[in-house]
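Sequence lines, in order, name chains A and B.
Numbers given in our numbering equal positions in the first sequence, counted from 1, plus 88.
Numbers given in our numbering equal positions in the second sequence, counted from 1, plus 88.
There are 2 protein chains.
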Amino acid sequence: MNGMPDQVLITEVLLRDGLQMEPVIVPTDDKLRLAYGFLKAGVTSLEIGSFVHPDKVPQMADTDRLATELCAGEAASLHALVFNEKGARRALEAGVRHVRLIVSASDGHSRANAGLPTRQALDRLRPAAEALTDAKVQLEATIATAFVCPFDGETPPGRVVDTAHRLAGLGVSALHLGDTIGAASPWHIRRTVTAVQDELRDMPLGLHLHNTYGMASANVWEALHLGIRRFDAALGGVGGCPFAPGAAGNIATDDLVNLCHHAGIATGIDVDQLVALRDELHALLGRKLDSALAAVPAAPAPLRVTALSDIP
Amino acid sequence: MNGMPDQVLITEVLLRDGLQMEPVIVPTDDKLRLAYGFLKAGVTSLEIGSFVHPDKVPQMADTDRLATELCAGEAASLHALVFNEKGARRALEAGVRHVRLIVSASDGHSRANAGLPTRQALDRLRPAAEALTDAKVQLEATIATAFVCPFDGETPPGRVVDTAHRLAGLGVSALHLGDTIGAASPWHIRRTVTAVQDELRDMPLGLHLHNTYGMASANVWEALHLGIRRFDAALGGVGGCPFAPGAAGNIATDDLVNLCHHAGIATGIDVDQLVALRDELHALLGRKLDSALAAVPAAPAPLRVTALSDIP
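In structure tokens form, the structure reads like this:
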């Protein structure tokens, strides 16, 4: 379809962004089983945790152990989030080969999330980035509140471009623009993505979307029109933002895979295995999941043409 | 935004497509209150019911009374569905000035819904259409299962084009393509909409979307790219299809209005009044509604720029 990519790379962020806000702490062994399930289902990029202080986000306290168990010898790209130099040291000790830095494009969210406004948070990332690049760890970055901030309102694209330039200067090899509270419309996606594309022509871009206002699939579609091929997603639409009470979770991996396959865009992910994992996750969390597919009795369609025979 | 319409016409279909599957029969007085609420909120196109046999769809048994009460003197476009000549007579007696015919593009769904395959269902509509056009009633039509049929699989665009030609021959002045079970992807939207646009260049087209697989907002966005300016929607995402058990309802009017306003596209509908009506509907139906906005504590944003101050 005119200019659309014929395949996309989906990063499964359930184990980090999905679980960090859940009231139930999922045991490490269950996380490991989910992680191996994702890899078996064809997921090639997995966010496994976050090197934050365990008192701050207890659900992420086992990131070191997950990294040690999972990262050795895995061909897939497994990464964890790093906010500062301490996190970088932990990542290196755990043998992580892929790291995502994270910084908010808006000062309001940066202060709430990282304790510092954007520019200072970037400065604080520098020694972390240096330690990681010295060790040949592959660095990517998420720019949070790249479209809308719960404190500062709409994020001017210039702030995102500036943040992107500074992250590129830290050695980052791909950028993910986050609609952290799910309030961006496709209009916002186009405005900011094109601004970054115009300024950083060779930087691979991805989107990190939440579905708070039901706009995530429209945002994916607009991004595909813009040539974006990388998307974060969390199985079952799990996740949330501490600064948008009641906000819905990440775009659901099951819904995103279904959308792509129905539109003839390959993901490499097996839908049946994904749905089986979702049912397992449902049992682990003991609550209704937020993906549209989770509410439909019919099996989702593996591919556009064959899919439809599964609809009752 | 490059080629996007700057305004859209939303037809509120809660009173017909929304309520027809609800287990609770909403009293006529409550429907009237909702109808007046919609008009006051700025809705200019309202589907008020369906002239079907009351034994078949008891929720629509008061369509004649609603039409008599509502249609006299209203500047807005209020329409009801008509399937056959008997329905046309009832519509005329009730003073309806706008009617939507409905026919399925796929034989499987047409047999299940109208008791006849597509071509014969169209033949049966002819005397109804003649009676209505003779009386100068404005005729539009919905083509159900225009993208996917729960019985026949994907609907070939040629079937939709053929059905569209035949409806045009009956004097229909606008066509609405229905994703009856919510299984179309934006790929399907583009394929079939462009096929119909190529063949019936002057026919205004609209979309009737359901959100079963979470793809409705992506489908709206792709349709906007194709110049579509007419959308059906039901407040709170109410509705369903008798032939897709567990399927979600219509695209939610509150979500659609929010998407449009965030993207700078006018709808003429006041969001605050719409949300107040949705809360009233929630009380009437006594169940959780399906719109994304219904789950978010923050008031939706009335306009792209001002909206964001409302997000906590």
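All residues carry an ideal CB built from backbone N, CA and C; glycine is no exception.
Min CB distance residue i to chain B below 8 Å
| i | result |
| --- | --- |
| P244/A | no |
| R392/A | In this prediction, R392/A has a pLDDT of 41, which is less than 50 and means its spatial position is unreliable; what the coordinates show is noted afterwards. Yes - at least one Cβ of chain B is within 8 Å of the one on R392/A. |
| V308/A | yes |
| D343/A | yes |
| G106/A | no |
| L103/A | no |
| D94/A | no |
Beta carbon proximity, residue i to chain A, threshold 8 Å
| i | result |
| --- | --- |
| I399/B | Bear in mind that a pLDDT of 25 at I399/B, under 50, signals an unreliable position, so the number given afterwards is only what the model happens to contain. It does; some Cβ of chain A falls within 8 Å. |
| E110/B | no |
| L295/B | no |
Cβ neighbour criterion (16 or more within 10 Å) applied to residue i
| i | result |
| --- | --- |
| Q147/A | buried |
| H349/B | buried |
| H296/B | buried |
| D211/B | exposed |
| E135/B | buried |
| H253/A | exposed |
| Y124/A | exposed |
| Q108/B | buried |
| A176/A | buried |
| D117/A | exposed |
| I316/B | buried |
| R278/B | buried |
| H141/B | exposed |
| G302/A | buried |
| G91/A | exposed |
| I113/A | exposed |
| K119/B | buried |
| A168/A | buried |
| T355/B | buried |
| P111/A | exposed |
| D157/A | It should be pointed out that residue 157/A corresponds to Glu in this sequence rather than to Asp. Result: buried. |
Within chain A, the residues that residue i reaches when beta carbons sit closer than 9 Å
| i | result |
| --- | --- |
| G352/B | S273 and W275 |
From the options, residue whose alpha carbon lies closest to that of residue i
| i | options | result |
| --- | --- | --- |
| A129/A | R375/A, H370/A, Q361/A and D378/A | Q361/A |
| H197/B | L166/B, V184/B, I231/B and L263/B | I231/B |
| V179/A | L210/A, K224/A and H298/A | Checking the displayed sequence, the identity of residue 179/A turns out to be Ala instead of Val. Ranking L210/A, K224/A and H298/A by Cα distance to A179/A puts K224/A first. |
| L170/A | A164/A, D195/A and A209/A | For clarity, residue 170/A is Val in the given sequence; the question names Leu instead. Ranking A164/A, D195/A and A209/A by Cα distance to V170/A puts A209/A first. |
| R104/A | L166/A, Y301/A, T132/A and N299/A | L166/A |
| G106/A | R177/A, G315/A, L122/A and L314/A | L122/A |
| G294/B | D250/B, E228/B and L204/B | E228/B |
| G328/A | T268/A, D343/A and I353/A | T268/A |
| G266/A | A217/A, L189/A and V114/A | L189/A |
| P205/A | C237/A, P93/A, A382/A and L314/A | C237/A |
| N172/A | L97/A, A216/A and V384/A | A216/A |
| E403/A | V184/A, G257/A and S194/A | Any property of residue 403/A remains undetermined from this structure, which presents chain A solely from 89 to 400. |
| P274/A | E310/A, R247/A and R289/A | E310/A |
| F239/A | N307/A, L347/A, S192/A and P111/A | S192/A |
| L347/A | L377/A, R375/A and N307/A | N307/A |
| G325/B | A340/B, L314/B and V363/B | A340/B |
| N299/B | A382/A, T99/A, A371/A and V187/A | A382/A |
| V163/A | D150/A, T132/A and E181/A | Position check: residue 163/A holds Ala in this sequence, whereas Val was assumed. Nearest option by C-alpha distance: T132/A. |
Proximal chain A residues relative to residue i, where beta-carbon distance stays under 8 Å
| i | result |
| --- | --- |
| T300/B | A380 and V384 |
Partners in chain A for residue i, counting only beta-carbon separations shorter than 7 Å
| i | result |
| --- | --- |
| S305/B | G302, M303, S305 and A306 |
| N346/B | Y301 |
Neighbouring residues, chain B, relative to residue i (Cβ below 8 Å)
| i | result |
| --- | --- |
| A336/A | A380, A383 and V384 |
Fill in: Contiguous alpha helix (DSSP H) assignments of at least 4 residues, all confined to the stretch 281-338 of chain A
304-313
Practice prompt. Would you mind listing the beta strand (DSSP E) stretches within the stretch 201-271 of chain A that are 3+ residues and don't spill past its ends, in chain order?
Written response: 226-232 and 263-267
Worksheet item: Taking the runs of the beta strand (DSSP E) that are 3 residues or longer, which of them lie wholly in the stretch 143-170 of chain B?
Response: 165-170
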